[in-house]
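Residue numbers (this note's numbering): 7 to 291.
Don't be surprised by glycine CBs; every beta carbon is placed ideally from N, CA and C.
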Ligand SMILES: [Fe+2]
Ligand SMILES: [Fe+2]
């Protein structure tokens, strides 16, 4: 099985240092093949935050792919940087490619940048995708020889937790159509700071597995402790273990299993391995 670490939203500038160090200790002591960090590395793309984020990801062993989130661009009180060169600071540390692609014999990983500096919508922290981005994504997955396991990552989520009144990535129907067109196996995202695992897809169409990771080490909690997802997959099976930061260390709290058939991926249930400590929300995203 291929072993993947999925983490998100470390938010350097508002970090629980003990959680960050515990995660790095875990990453060094548990074998994995690849790491994906699905955005919000910082609070406001300040130099000190970007440097701390760079040092953090540089310490994670093995290959890693990361993408920006809505917190990785300057705030609106810095209008020139925000509106004319929003990703300049991020790119200085993490490269100019905001939608990196990674291919191995086992999997093809494509990313989408859903962060927007501004738009004709009220909440600029929301995630937006263009038709051109989705067409490129489908084209990349459907290139000849692309039979490997297909993974898509973006910062903004597809699913809202029950009772959670915040927008998911837009336009969701178009994204799900792209998932169907490209037969995507697994989507990795973050943003809500809530762990959620599910399948998603168009009606009567292909279903993919969705891994929405919580914040790995920030103090910006949304009703649950820091955590990350450890994903093990083959062409036919995906298993995802949720690790939580409880009493000073990360422990596995549940594992979910998904199996593939001709219509895509099916949720085959999960089992809780420990009680999940519930922490009251401290502030909104
Ligand atoms: Fe975040
Ligand atoms: Fe975010």
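Taking DSSP as the reference, what is the three-state secondary structure of residue 225?
-> coil
Hey, residue 50 and residue 19: beta-carbon distance below 8 Å or not?
-> Result yes, Cβ atoms of residue 50 and residue 19 sit closer than 8 Å.
Put residue 204 into one of helix, strand or coil per three-state DSSP.
-> strand
Reduced DSSP category for residue 139 - H, G, I as helix; E, B as strand; rest coil = helix
Beta-carbon proximity of residue 214 to residue 184, cut-off 8 Å = no
In the structure shown, what three-state DSSP assignment does residue 32 receive?
-> helix
Put residue 77 into one of helix, strand or coil per three-state DSSP.
-> Looking at residue 77 - three-state DSSP - the assignment turns out to be helix.
Can you check whether the CB of residue 73 is closer than 8 Å to the CB of residue 104?
-> yes
Along the chain, where does the alpha helix (DSSP H) that runs through residue 181 open and close?
-> 178-188
Using a Cβ-Cβ cut-off of 7 Å (strictly less than) and excluding sequence neighbours within five positions of residue 55, which residues of its own chain qualify?
-> 18, 19, 48 and 49
If you run the structure through DSSP and keep just helix, strand and coil, what is residue 212?
-> coil
Measure from the alpha carbon of residue 95 to the alpha carbon of each residue in 66, 232, 61 and 57, then state which is nearest.
-> Residue 95 has its Cα closest to that of 57, out of 66, 232, 61 and 57.
Can you name the residues that DSSP bridges to residue 114?
-> 109 and 156
Helix, strand or coil at residue 175 according to DSSP, with G and I counted as helix = Three-state DSSP puts residue 175 in coil, outside helix and strand.
Own chain residues within Cβ distance below 8 Å of residue 126, not counting five before or after = Excluding sequence neighbours, residue 126 sits near nothing in its chain.
Looking at C-alpha atoms only, which residue of 83, 246 and 217 is the closest neighbour of residue 164?
-> 217
In the DSSP assignment, find the alpha helix (DSSP H) that holds residue 56 and state where it starts and stops.
-> 53-65
Could you name the residues of the same chain whose beta carbon sits closer than 6 Å to that of residue 26, not counting the 5 residues immediately before and after it, in chain order?
-> 223
Regarding residue 3 and ligand 1, is the C-beta to nearest heavy atom distance less than 7 Å?
-> Residue 3 lies beyond the stretch modelled for the chain, which goes from 7 to 291, so this question has no answer here.
Taking only the alpha-carbon atoms, compute the straight-line gap between residue 202 and residue 261 and give it to the nearest angstrom.
-> In a straight line, the C-alpha of residue 202 is about 12 Å away from that of residue 261.
Output the boundary residues of the alpha helix (DSSP H) element that contains residue 99.
-> Here the alpha helix (DSSP H) through residue 99 covers 94-100.
Run the CB neighbour count on residue 150, radius 10 Å, all protein chains shown included, and call it buried at 16 or more, exposed below.
-> exposed
Quick one: residues with CB closer than 5 Å to any heavy atom of ligand 2, in chain order, please.
-> 46, 75, 76 and 197
Within 10 angstroms of its Cβ, does residue 188 collect 16 or more other Cβ (buried), or is it exposed?
-> buried
Confirm the yes/no value for this check: CB of residue 247, any heavy atom of ligand 1, distance under 7 Å.
-> no
Close beta carbons around residue 70, own chain, < 8 Å, minus the five adjacent residues each side = 40, 41, 42, 43 and 63.
Stretch pair the region 28-37 + the region 163-179: three plus CB contacts closer than 8 Å = no
Whole angstroms is fine: what's the gap from residue 193's alpha carbon to residue 204's?
-> The straight-line gap from Cα to Cα measures roughly 10 Å.
Report yes if the C-beta distance between residue 80 and residue 67 is below 8 Å; otherwise report no.
-> no
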